[in-house]
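Structure first, commentary second.
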Amino acid sequence: MSITGISSIDHAPQVVAEWLNELCADLGWSEKGRAYLLLRETLHAVRDLLTVEEAADLAAQLPMLMRGIFFEGWSPAAMPIRARSKSDLLARVSATFDKAPLPDPERAVMAVLDLLRRHVSAGEIAQVRQTLRKPIRAMWH
1 MSITGISSID HAPQVVAEWL NELCADLGWS EKGRAYLLLR ETLHAVRDLL
51 TVEEAADLAA QLPMLMRGIF FEGWSPAAMP IRARSKSDLL ARVSATFDKA
101 PLPDPERAVM AVLDLLRRHV SAGEIAQVRQ TLRKPIRAMW H
């Protein structure tokens, strides 16, 4: 059903649902709300590790609504953040799940990174990985 008659806008919620379904399947989860929190926080954490230019390049390859999620709350003047270690990344994502902690934060973050790998060009993923420190880069197969 077309709401606006503009396919990229009408299709955007379906794309997000597809990504969340993939992430849930990858993790064996049934809670899409939890998958959304993981996806959003991991996207933000990765975004904040990148230069402004690299964050913009990555965002350019994301579907419309995913790009909005990626940029939500972004402050380009503060990029990249100083806390750039793997443990900082995992702690940041884990903090979102304080009431129902992630059993394996590293596996959860890796699932989001793998989702990005499947939906973003190999060249862009290679560029993003190059800007990250080795321990984080290693999480991104």
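Position 63 (the sequence shown) corresponds to 63 in the numbering used here; numbering is contiguous. We treat Cβ as the ideally placed atom computed from N, Cα and C, and that holds for glycine.
Along the stretch 24-82, the alpha helix (DSSP H) occurs as fully enclosed runs of 4 or more residues at 32-49, 52-60, 64-71, listed in sequence order. Counting along the chain, Pro-105 sits inside the alpha helix (DSSP H) bounded by residues 105-119. Here the C-alpha atom of Thr-131 lies approximately 11 Å from the C-alpha atom of Glu-124. DSSP, reduced to helix, strand and coil, places Arg-133 outside both helices and strands of the structure shown, so it counts as coil. It is roughly 30 Å from the alpha-carbon of Thr-51 to the alpha-carbon of Pro-101. Under a 10 Å Cβ-count criterion, Ala-60 is classified as exposed, with fewer than 16 other Cβ atoms of the shown protein chains found around its own Cβ. Here the alpha carbon of Ile-81 sits roughly 6 Å from the alpha carbon of Asp-48. Rounded to the nearest angstrom, the Cβ distance from Val-15 to Leu-65 is 6 Å, consistent with a contact under 8 Å. Cα atoms of Pro-76 and Glu-53: separation of roughly 10 Å, rounded to the nearest angstrom. The straight-line gap separating the alpha-carbon atoms of Ala-122 and Lys-99 is approximately 36 Å.
Looking at Lys-134, Val-120, Pro-135, the one whose alpha-carbon comes closest to that of Ala-55 is Val-120.
Taking C-alpha positions only, Ala-17 is separated from Arg-84 by approximately 30 Å.
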